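Q: Here you go, one structure.
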Amino acid sequence: MITGYATPEGTKKFAERQNQDSQKNYKNVHNLTLSNVGIGTYLGNPDTETDCIVRRCC
Numbered sequence: 001m002i003t004g005y006a007t008p009e010g011t012k013k014f015a016e017r018q019n020q021d022s023q024k025n026y027k028n029v030h031n032l033t034l035s036n037v038g039i040g041t042y043l044g045n046p047d048t049e050t051d052c053i054v055r056r057c058c
């Protein structure tokens, strides 16, 4: 771990301050409380119909 950055205590306190509904998005990883990250890459179902819809939008 890089000294002076995220700490187990600090990341846990941050997660505890968040909305209770979002608590399921936090996990303990290497003793740090981390959240998942949504980056908007989901384009829909993995099927031919969705592929065609996505292609028409581009």
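As numbered in the UniProt record's numbering, residues 1 to 58 make up the sequence shown, in order. Backbone N, C-alpha and C define an ideal beta-carbon position, used for all residues, glycine too. These figures come from a predicted structure and were not determined experimentally.
Are the CB atoms of PRO8 and LEU34 nearer to each other than 8 Å?
A: Translated into positions along the sequence shown, residue 8 becomes position 8. Translated into positions along the sequence shown, residue 34 becomes position 34. No, Cβ-Cβ distance for PRO8 and LEU34 is not below 8 Å.
Q: ASN28 by DSSP, collapsed to three states: which one?
A: As a working mapping, residue 28 is identified with position 28 in the sequence shown. Of the three classes helix, strand and coil, the one that applies to ASN28 here is strand, per DSSP.
Q: So, helix, strand or coil for THR11, using DSSP?
A: Taking the sequence shown and counting its residues from 1, the one referred to as residue 11 is at position 11. Looking at THR11 - three-state DSSP - the assignment turns out to be helix.
Q: In the DSSP assignment, what residue or residues form a beta bridge with THR33?
A: On the sequence shown, residue 33 is found 33 positions in, with the first residue counted as 1. Looking at the DSSP assignment, THR33 forms a beta bridge with ASN28.
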